[in-house]
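Take a look at the structure below.
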Amino acid sequence: MAGTATTTDRREHDEGNEDHGESRRTRGAYVYGIVPADVETDPEVRGLGDPPGEITVVRHGDVAALVSDLTIDRPLGTPEDLRTHAEILDATAAEVPVLPLRFGAVLTDTDAVSAELLAEHHDEFAAALTELEGKAEYIVKGRYDERAVLAEILSENGEAQRLRDAIRDKPEEATRNERIALGELIANTITAKREQDTRTTVAALEKLGLTVAEREPTHERDAVYVACLADTGAQADLENLVDDLAGRWGERVDLRLLGPLAAYDFVLTARQGG
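Counting with my numbering, you get residues 5 to 278 for the letters of the sequence shown.
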């Protein structure tokens with residue numbers, strides 16, 4: 005997927021006109037993503053800011069941007085900001101194709117959104133949206149159950165059993181080396197299991213003809229963290245696949261399917277300006 009989005013932060017100061025300069029310094033147009041020009045927004049949905057701004061559409065030709073008016077009075081990036089950004093994009097992706105912009109895309113005003121973002125990249129955006137038509141990102145994410153995976157490792161690995169027995173009922177200070185060795189062995193074994201279970205998941209997704217992207221684990225017990233681009237109409241097939249894997253792995257992995265989401269892993273957002 006080759007959609008190219010531009011994120012820009014252009015907080016200009018106009019010293020020649022105090023009122024105009026104050027407006028430029030304190031307000032901007034926050035851009036969430038690029039959508040087809042015929043998209044309509046829900047007037048009840050609110051975006052970033054305090055108070056939150058209404059989500060509106062800025063159109064240019066066949067493409068448009070989802071934006072909200074933003075008071076630039078604090079740095080962006082709180083958990084609530086990030087959550088709001090993602091929720092708006094993911095809700096949109098469930099209905100129409102959307103090219104997500106990186107978090108923090110602020111332009112001076114809606115005229116700049118039209119001229120500097122949409123007009124300059126119109127054809128690229130239009131082509132990428134066509135490719136995304138009817139598709140969304142889904143995440144297959146699993147985490148090992150701690151007790152189950154430790155029992156599995158001890159049953160499979162004689163050295164793990166020996167180290168476990170060596171430290172059982174003994175003071176921590178007297179078994180420091182054994183505890184370190186056991187911790188390293190468990191961590192390395194979980195990494196190997198993650199690689200194997202990820203390969204199994206990727207192979208199953210590819211059998212459905214899906215484009216797949218592996219994500220980096222976010223937790224030491226992550227078993228699987230894989231994104232795929234799929235037709236939203238085929239969601240039931242994905243659900244069946246995840247149910248099948250969950251049945252095979254039993255209690256050792258808590259497996260979930262997340263989506264539909266915006267195609268964060270399959271749309272390139274580039275050229276971050278300042």
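C-beta atoms are modelled at their ideal positions from N, C-alpha and C, and glycine is treated no differently.
Return yes when the Cβ of residue j is within less than 8 Å of the Cβ of residue i, no when it is not.
i, j, result
"L154", "I190", "yes"
"V39", "T96", "yes"
"L212", "L261", "no"
"R31", "T75", "yes"
"A140", "T236", "yes"
"R50", "E58", "yes"
"G108", "L70", "no"
"E93", "V102", "According to the sequence shown, residue 93 is Leu rather than Glu. In this structure, V102 lies closer than 8 Å to L93 by Cβ."
"R219", "V206", "no"
For residue i, is the classification buried or exposed, using 16 other Cβ atoms within 10 angstroms of its Cβ as the cut-off for buried?
i, result
"G37", "buried"
"A68", "buried"
"G53", "buried"
"D46", "exposed"
"L209", "buried"
"R78", "exposed"
"A131", "exposed"
"G263", "buried"
"H223", "exposed"
"H17", "Interpretation of H17 is limited by its pLDDT of 33, a score under 50 that renders its predicted location unreliable; no figure is taken from the coordinates."
"K174", "exposed"
What residue range does the beta strand (DSSP E) around residue i cover?
i, result
"L189", "No beta strand (DSSP E) holds L189; the alpha helix (DSSP H) holding it covers R180 to K211."
"V39", "R31 to P40"
"T45", "No beta strand (DSSP E) holds T45; DSSP gives it neither H nor E."
"R63", "I59 to H64"
Roughly how far, in whole angstroms, is the beta-carbon of residue i from the beta-carbon of residue j, given that I think they are within contact range, below 8 Å?
i, j, result
"L186", "A164", "7 Å"
"D149", "E255", "6 Å"
"L167", "E156", "Actually they do not touch by this definition, with Cβ atoms about 16 Å apart."
"E119", "A33", "Looking at the sequence shown, residue 119 is not Glu but Ala. 12 Å between Cβ atoms; not a contact."
Going by DSSP, what residue range makes up the alpha helix (DSSP H) through residue i?
i, result
"D113", "Counting along the chain, D113 falls outside any alpha helix (DSSP H), and DSSP gives it neither H nor E."
"D169", "G162 to I171"
"A240", "Q239 to W253"
Give the secondary structure of residue i by DSSP, where H, G and I count as helix, E and B as strand, and everything else as coil.
i, result
"V153", "helix"
"G263", "strand"
"G146", "strand"
"R78", "coil"
"A98", "coil"
"T134", "helix"
"A234", "strand"
"P55", "coil"
"A217", "strand"
Comparing the C-beta of residue i with each C-beta of chain B, is any distance below 8 Å?
i, result
"E137", "The structure shown has no chain B; it contains just one protein chain."
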